[in-house]
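Inspection log for the structure reproduced underneath, given as structure tokens.
There are 2 protein chains.
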Amino acid sequence: KEASKVPVARFLPPGFTTEKFQDFASRLQAIVSRENLFVVTEDTALEDGDYLTIDCQTHDMHFLYEREEFVGSALVHPRNVSEVQEIVRLCNEFVMPVWSISRGHNIGYGGAAPRVSGSLVMHMGTHMNKILEVDAENCFCLVEPGVTFLQMQEYLIKHNLIDKVWIDAPELGFGSMIGNALDRGVGFTPYGDHWMNHCGMEIVLANGELVRTGMGAMSSPEGRKQAKAGVPPQDQTPNECWQLFNYGFGPYNDGIFSQSNNGIVTKMGMWMMPNPHGYTPFMVTYEKDSDLPAVIDIIRPLRVNMVLQNAASLRHVALDAAHYHPRTEYTDDTFDVPLTEEQLDAAAKKLDLGRWIYMGAVYGPEPVRKALLEVTKKEMCKVPGSRWFLLEDRKEEFSTLHSRAETMMGIPNWDELRWLKHWIPNCTFLSFSPISKVDGQSAWKQYQMAKNRFAEAKLDFFGIFSIGLREMHNVICIVYNREDAAMRKRVQWLVRTLIQDCADNGWGEFRTHVGLMDQIADTYDFNGHALMKLNETIKNALDPKGILAPGKSGVWPKSYDRSKWALGQDYIK
Amino acid sequence: KEASKVPVARFLPPGFTTEKFQDFASRLQAIVSRENLFVVTEDTALEDGDYLTIDCQTHDMHFLYEREEFVGSALVHPRNVSEVQEIVRLCNEFVMPVWSISRGHNIGYGGAAPRVSGSLVMHMGTHMNKILEVDAENCFCLVEPGVTFLQMQEYLIKHNLIDKVWIDAPELGFGSMIGNALDRGVGFTPYGDHWMNHCGMEIVLANGELVRTGMGAMSSPEGRKQAKAGVPPQDQTPNECWQLFNYGFGPYNDGIFSQSNNGIVTKMGMWMMPNPHGYTPFMVTYEKDSDLPAVIDIIRPLRVNMVLQNAASLRHVALDAAHYHPRTEYTDDTFDVPLTEEQLDAAAKKLDLGRWIYMGAVYGPEPVRKALLEVTKKEMCKVPGSRWFLLEDRKEEFSTLHSRAETMMGIPNWDELRWLKHWIPNCTFLSFSPISKVDGQSAWKQYQMAKNRFAEAKLDFFGIFSIGLREMHNVICIVYNREDAAMRKRVQWLVRTLIQDCADNGWGEFRTHVGLMDQIADTYDFNGHALMKLNETIKNALDPKGILAPGKSGVWPKSYDRSKWALGQDYIK
Ligand SMILES: Cc1cc2nc3c(=O)[nH]c(=O)nc-3n(C[C@H](O)[C@H](O)[C@H](O)COP(=O)(O)OP(=O)(O)OC[C@H]3O[C@@H](n4cnc5c(N)ncnc54)[C@H](O)[C@@H]3O)c2cc1C
Ligand SMILES: Cc1cc2nc3c(=O)[nH]c(=O)nc-3n(C[C@H](O)[C@H](O)[C@H](O)COP(=O)(O)OP(=O)(O)OC[C@H]3O[C@@H](n4cnc5c(N)ncnc54)[C@H](O)[C@@H]3O)c2cc1C
Chain A
97 KEASKVPVAR FLPPGFTTEK FQDFASRLQA IVSRENLFVV TEDTALEDGD YLTIDCQTHD
157 MHFLYEREEF VGSALVHPRN VSEVQEIVRL CNEFVMPVWS ISRGHNIGYG GAAPRVSGSL
217 VMHMGTHMNK ILEVDAENCF CLVEPGVTFL QMQEYLIKHN LIDKVWIDAP ELGFGSMIGN
277 ALDRGVGFTP YGDHWMNHCG MEIVLANGEL VRTGMGAMSS PEGRKQAKAG VPPQDQTPNE
337 CWQLFNYGFG PYNDGIFSQS NNGIVTKMGM WMMPNPHGYT PFMVTYEKDS DLPAVIDIIR
397 PLRVNMVLQN AASLRHVALD AAHYHPRTEY TDDTFDVPLT EEQLDAAAKK LDLGRWIYMG
457 AVYGPEPVRK ALLEVTKKEM CKVPGSRWFL LEDRKEEFST LHSRAETMMG IPNWDELRWL
517 KHWIPNCTFL SFSPISKVDG QSAWKQYQMA KNRFAEAKLD FFGIFSIGLR EMHNVICIVY
577 NREDAAMRKR VQWLVRTLIQ DCADNGWGEF RTHVGLMDQI ADTYDFNGHA LMKLNETIKN
637 ALDPKGILAP GKSGVWPKSY DRSKWALGQD YIK
Chain B
97 KEASKVPVAR FLPPGFTTEK FQDFASRLQA IVSRENLFVV TEDTALEDGD YLTIDCQTHD
157 MHFLYEREEF VGSALVHPRN VSEVQEIVRL CNEFVMPVWS ISRGHNIGYG GAAPRVSGSL
217 VMHMGTHMNK ILEVDAENCF CLVEPGVTFL QMQEYLIKHN LIDKVWIDAP ELGFGSMIGN
277 ALDRGVGFTP YGDHWMNHCG MEIVLANGEL VRTGMGAMSS PEGRKQAKAG VPPQDQTPNE
337 CWQLFNYGFG PYNDGIFSQS NNGIVTKMGM WMMPNPHGYT PFMVTYEKDS DLPAVIDIIR
397 PLRVNMVLQN AASLRHVALD AAHYHPRTEY TDDTFDVPLT EEQLDAAAKK LDLGRWIYMG
457 AVYGPEPVRK ALLEVTKKEM CKVPGSRWFL LEDRKEEFST LHSRAETMMG IPNWDELRWL
517 KHWIPNCTFL SFSPISKVDG QSAWKQYQMA KNRFAEAKLD FFGIFSIGLR EMHNVICIVY
577 NREDAAMRKR VQWLVRTLIQ DCADNGWGEF RTHVGLMDQI ADTYDFNGHA LMKLNETIKN
637 ALDPKGILAP GKSGVWPKSY DRSKWALGQD YIK
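Here the protein sequences line up with chains A and B, keeping their order.
Residue 97 is where the first sequence starts when you use this note's numbering, and the numbers rise one by one after that.
Residue 97 is where the second sequence starts when you use this note's numbering, and the numbers rise one by one after that.
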């Protein structure tokens with residue numbers, strides 16, 4: 097029997113017996129071929145690997161509970177869109193939950209881990225990883241799920257396009273452009289809001305149907321001919337305006353496919369930034385911890401007026417300290433004694449920085465940059481003790497400004513990993529990011545609140561205020577040794593407490609880890625969770641069997657009992 | 097009996113008898129009170145009125161077929177959100193279609209007219225017309241449906257806020273901010289894409305539930321207290337980040353409520369442009385008709401690089417000719433002899449303009465503007481015969497540049513109506529706007545195609561290329577005498593032929609008139625209209641009885657038989 101060829105899975109989704117799984121898996125194998133199906137068995141070692149060398153796809157390498165908490169039954173690597181469609185149809189038949197990733201590098205948010213253990217994890221990026229188009233005149237690209245920021249960067253260099261267009265990358269470049277944008281990730285050029293800068297999607301729906309959104313919903317003249325000749329929709333030449341105009345005609349649906357479980361994206365367009373032909377990064381340091389509110393209040397008008405052209409980031413010194421040296425350089429204490437104020441002051445001094453470090457850049461031709469820099473310097477240096485640096489002012493090895501200067505040009509680099517690599521052993525990262533007003537008082541209140549909770553949890557505080565067009569993402573980095581169970585437990589307590597603290601103040605998170613989605617969704621409580629009811633109605637209409645990523649963003653299909661599945665504030669192990 | 101108090105309606109929706117309507121209307125009257133229900137009876141004169149003095153709400157004053165083609169049974173003016181909810185519940189009970197407008201000034205697209213005759217037209221703006229907030233620090237506002245651009249403009253002036261924030265208005269200011277943004281209207285400052293600049297919505301769904309999207313989905317601390325004290329959701333203090341961050345957490349739903357029939361918007365936030373503290377409008381004229389492709393190819397890189405900071409518009413001279421004088425000034429021929437090339441040349445000469453007129457502006461402090469203006473002038477004047485004008489170079493009365501200089505600051509003005517007021521008698525306006533690449537060849541092909549069809553239809557061609565961030569809206573203005581049935585018929589033929597011509601080339605429209613929605617939706621044909629199927633699935637899930645604006649954007653709920661209702665290419669009367 098064919099099923100006997102498939103290994104026995106270690107984790108099974110709800111409603112599956114080993115036998116049913118094997119039936120399913122043998123059917124699946126017939127679609128994708130043996131080498132594209134990998135079953136997680138009792139013998140599979142869940143290896144975290146290294147950030148650089150290993151693509152950890154079986155689980156969350158930055159696990160918050162146990163390695164085994166969110167693990168799929170199998171990993172499948174479809175070779176093309178029609179295989180994705182076949183897989184989705186098969187999943188409907190068997191009611192198999194399927195969790196799609198493009199690269200699975202969603203570090204800080206769950207990596208490759210599915211929300212429902214035993215799900216089929218579909219790695220969209222292994223084979224579908226082509227850059228389908230880069231139009232350097234009209235400044236856009238069209239990519240498949242597997243395309244990474246690094247790959248795009250290399251492509252632009254190889255094709256001599258970098259003097260025409262830039263990419264915008266998150267700090268690290270190994271993630272996928274599509275996965276990052278779908279999770280509403282950010283970068284640090286003026287094109288930093290990746291969701292805002294996407295244009296046109298191709299999606300496989302839960303029923304296996306293929307949709308192109310926006311102008312892609314109109315066939316091109318060639319596409320119509322190809323359709324007649326039997327070319328499948330996904331291979332038809334798209335409408336030439338697909339990547340030029342987002343909305344198309346009628347309801348604009350793209351948003352319901354971001355941070356959601358309503359579809360599987362197979363192609364997406366992104367707008368690229370024209371090379372601004374001129375770029376000057378800069379850094380401002382602030383002496384005192386208590387300078388925070390004054391700095392934020394200076395930033396607000398500059399940012400909203402686009403004098404600060406990119407997602408301005410104000411870094412807490414601990415982050416820079418960790419970038420330069422391991423923790424032992426700053427303290428002799430163990431990990432459960434957080435750095436003290438004095439140690440942070442000493443670190444700032446030792447590194448010739450401040451308690452807060454602002455990194456920004458101006459873009460454009462010389463006279464424009466000059467005008468912007470002048471205002472920026474004048475305003476941002478109004479705080480007593482502030483200091484202004486340009487690239488040439490920082491000559492130390494591994495300078496954060498020099499590293500950041502690349503990031504702010506959209507060039508991902510590995511330096512951004514330094515702090516994770518050497519701060520503490522098995523250094524692990526959980527991202528917690530409440531949204532707030534760009535306002536000194538809010539920033540201070542949020543910072544104090546977080547710092548106190550970090551102290552209670554006996555953890556070092558790390559954070560960056562990343563200032564968008566009208567709000568701040570306060571990216572708080574929770575850093576721990578994942579092999580230390582007691583520390584992990586403190587982290588669970590910390591993050592769950594902070595979620596509640598923030599919600600009490602009306603602050604909500606913009607993105608999160610799979611293990612925290614339920615609690616965060618629950619904080620969006622207006623009118624008896626009216627928005628969640630809307631999300632559920634749409635989910636159930638599009639995916640009646642509830643196969644696509646059940647539980648993503650806290651949205652459970654009707655076939656799952658939320659009261660049993662949701663992981664709330666008390667879920668601390 | 098109460099029902100007897102309600103007048104007999106002239107137009108009834110499907111499934112309604114006079115008696116059923118009267119039952120419905122008397123129940124409705126009990127909700128809103130007598131003075132807020134206006135039934136269209138046999139005796140109701142359908143008055144077009146004047147663009148300025150009369151708010152035509154009964155029908156499309158710029159009708160394309162007959163005045164009586166798209167007319168509601170009654171007009172209702174809810175006084176608050178809970179009345180809207182009650183009305184929606186009543187409509188579900190009676191299966192009454194309801195068409196919501198905020199001001200009904202959607203001229204060129206159907207005005208206040210419902211797609212399904214006999215619908216209840218719900219005027220959201222009569223009573224719900226408050227500016228709820230203008231935050232000049234964070235540069236946003238929160239408004240109710242009735243708030244017009246003019247009203248906002250007056251508010252800013254009255255509260256001395258105009259030196260802090262600008263609005264972005266369409267050419268005319270009598271429309272609602274909400275209705276215009278929902279229909280994805282545009283303006284002419286750098287904030288011209290109104291949908292892109294909305295932030296946060298409050299919506300009544302078809303089931304009567306109230307939803308706030310984005311960060312509004314999280315209650316504010318005060319809101320939670322109010323909820324406990326029994327304050328209804330719509331009156332609870334919103335989350336302070338509602339107008340600051342669009343996406344919130346999880347699926348981002350806003351888009352499915354634009355150009356759609358999925359909900360009724362009761363509040364919406366808009367981002368406002370910080371006063372740029374410096375502004376220089378300019379104009380470039382081009383001598384020859386055939387200059388078009390060269391000009392467009394010059395514009396593309398300037399626009400994508402934001403050297404041209406606002407939605408650049410390139411106007412065909414006929415528009416300016418009409419702005420200055422009635423048609424009789426340029427020709428002795430009747431309306432069915434379109435202006436000739438010679439007459440257009442003569443008009444350009446007479447007005448000291450060109451065959452194409454570019455109007456733009458630069459924004460920002462002096463050195464920035466200087467740098468941008470220099471590049472712009474150098475590039476845009478490369479075309480032989482081009483001429484450059486600043487405000488002081490145009491001293492004639494009613495100068496289009498002076499008028500446009502206001503529009504490009506977001507200040508709506510009545511001058512934009514001059515051409516409609518005097519060009520021909522009963523001058524009527526239908527807007528037809530295909531999207532294309534920003535590329536000389538596309539522009540030329542589209543222009544030639546349109547011009548030839550106008551000639552066949554014996555109509556004067558009017559058009560503006562409005563250049564967005566990556567594409568052009570080619571806003572073609574079809575202008576006719578609505579009292580001339582033969583001319584109207586030629587217009588019907590023209591627009592329906594152009595829709596097909598454009599679709600054949602892969603060009604789709606971004607917005608349209610109620611009478612043309614079906615045909616245009618039908619041109620979005622990729623993969624057997626896969627996007628429409630998605631739209632329908634969502635529609636049917638959210639509005640199972642199909643009461644909200646059936647047929648809007650071509651989306652028909654399952655209770656309507658599309659094959660009977662759709663108005664296609666052959667619908668010419
Ligand atoms: C030191 C450090 C710095 C970082 N800095 C940043 C930063 O600056 N900005 C930032 O945004 N992130 C940052 N991250 C987080 C993360 O590494 C990146 O966001 C990364 O790009 C995400 O991984 P990915 O693109 O491979 O997405 P994936 O893991 O493939 O996917 C992300 C999400 O989208 C869903 N998804 C993916 N593909 C599809 C598809 N085809 N169809 C449907 N759903 C899909 C997945 O289910 C998942 O929920 C950082 C992480 C670290 C460790
Ligand atoms: C000379 C001239 C120039 C023009 N220039 C421009 C221009 O530059 N830019 C531009 O965009 N338009 C322009 N227009 C078209 C039009 O006048 C404006 O777009 C106007 O703002 C639309 O009217 P309104 O805002 O009152 O919208 P409404 O008519 O109230 O609504 C517009 C659409 O949204 C829907 N809607 C409205 N309110 C709600 C709600 N609360 N809930 C759900 N759905 C709702 C309606 O059903 C309708 O489909 C122009 C028209 C003319 C005659």
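For each residue, glycine too, the CB sits at the ideal point set by N, CA and C.
Asp144 of chain B counts as buried, since at least 16 other C-beta atoms from the protein chains shown sit within 10 angstroms of its C-beta. Taking the Cβ of Asp279 of chain B as the reference point, at least one heavy atom of ligand 2 falls within a distance shorter than 6 Å.
When Cβ-Cβ separations below 7 Å define contact, Met314 of chain A makes contact with chain B. Taking 3 residues as the minimum length, the beta strand (DSSP E) runs contained wholly in the region 119 to 181 of chain B are 133 to 135 and 170 to 172, in order along the chain. The contact set of Gly351 of chain B on chain A, defined by CB atoms closer than 8 Å, consists of Tyr343, Pro347, Tyr348, Asn349, Asp350, Gly351 and Ile352 in chain order.
In terms of beta-carbon proximity, Leu630 of chain A lines the interface with chain B, with at least one pair separated by less than 7 Å. In the three-state scheme derived from DSSP, where H, G and I count as helix and E and B as strand, Cys598 of chain A is classed as helix.
A direct Cα-Cα distance of roughly 31 Å separates Asp556 of chain A from Glu475 of chain A. The C-beta of Tyr620 of chain A comes closer than 7 Å to at least one C-beta of chain B. Of the other Cβ atoms in all chains shown, fewer than 16 fall within 10 Å of the Cβ of Asn548 of chain B; this residue is therefore exposed. In the three-state scheme derived from DSSP, where H, G and I count as helix and E and B as strand, Asp350 of chain B is classed as helix. Residues Pro508, Glu512 and Leu513 of the same chain have their beta carbon placed closer than 7 Å to that of Leu268 of chain A, with the five preceding and five following residues left out of the count. With respect to the 7 Å criterion, Gly221 of chain B and Ser169 of chain B are not classified as neighbours on the basis of their beta carbons. Taking a 10 Å sphere around the C-beta of His173 of chain B, we find 16 or more other C-beta atoms and assign the residue as buried. Not a single C-beta of chain A is nearer than 7 Å to the C-beta of Gly281 of chain B.
For the region 626 to 652 of chain B, the set of residues with a beta-carbon nearer than 9 Å to any beta-carbon of chain A comprises Ala626, Leu627, Met628, Lys629, Leu630, Asn631, Thr633, Ile634, Lys635, Asn636, Ala637, Leu638, Lys648, Ser649, Gly650 and Val651, in chain order. Here the distance from the Cβ of Asn132 of chain A to the nearest heavy atom of ligand 2 is not below 6 Å. Taking 9 Å as the upper bound on Cβ-Cβ separation, chain B lies near residues Ala599, Asp600, Asn601, Gly602, Trp603 and Gly604 of the region 581 to 604 of chain A. Residues of chain B with a Cβ closer than 8 Å to the Cβ of Trp452 of chain A do not exist; the shortest Cβ-Cβ separation is about 22 Å. When Cβ-Cβ separations below 7 Å define contact, Arg308 of chain A makes contact with chain B. In the DSSP assignment, Asp231 of chain A falls within the beta strand (DSSP E) that extends over Ile227 to Asp231. Around the beta carbon of Pro286 of chain A, 16 or more other beta carbons lie within 10 angstroms, which makes this residue buried.
Taken in chain order, the whole beta strand (DSSP E) runs of length 3 or more contained in the region 472 to 523 of chain B are 483 to 486. Going by DSSP, His201 of chain B is part of no alpha helix (DSSP H) at all; its letter is neither H nor E. B:Val104 is the residue among B:Val104, B:Arg320 and B:Gly275 whose C-alpha sits nearest the C-alpha of Glu138 of chain B.
Per the coordinates, the alpha-carbon of Lys466 of chain B lies some 45 Å from the alpha-carbon of Met157 of chain B.
Shortest gap from the CB of Pro266 of chain B to any heavy atom of ligand 2: under 6 Å. At the C-beta level, Val534 of chain B and Arg396 of chain B come within 7 Å of one another. Secondary structure of Cys573 of chain B (DSSP, three-state): strand.
For Met311 of chain B, the C-beta contacts it makes with chain A under 7 Å involve Ile531 and Gly604, in order along the chain. DSSP assignment within the region 305 to 378 of chain B yields the following whole beta strand (DSSP E) runs of 3 residues or more, N-terminal first: 306 to 308 and 359 to 367. In the DSSP assignment, Phe107 of chain B falls outside any beta strand (DSSP E), carrying neither H nor E.
The DSSP-derived three-state label of Ile643 of chain A is coil.
In the three-state reduction of the DSSP assignment, Ser649 of chain B falls in the helix class. Counting along the chain, Lys541 of chain A sits inside the alpha helix (DSSP H) bounded by residues Gly536 to Glu552.
Taking a contact as a CB-CB distance under 8 Å, the pair Val135 of chain A and Arg175 of chain A does not count as one, their CB atoms being some 18 Å apart.
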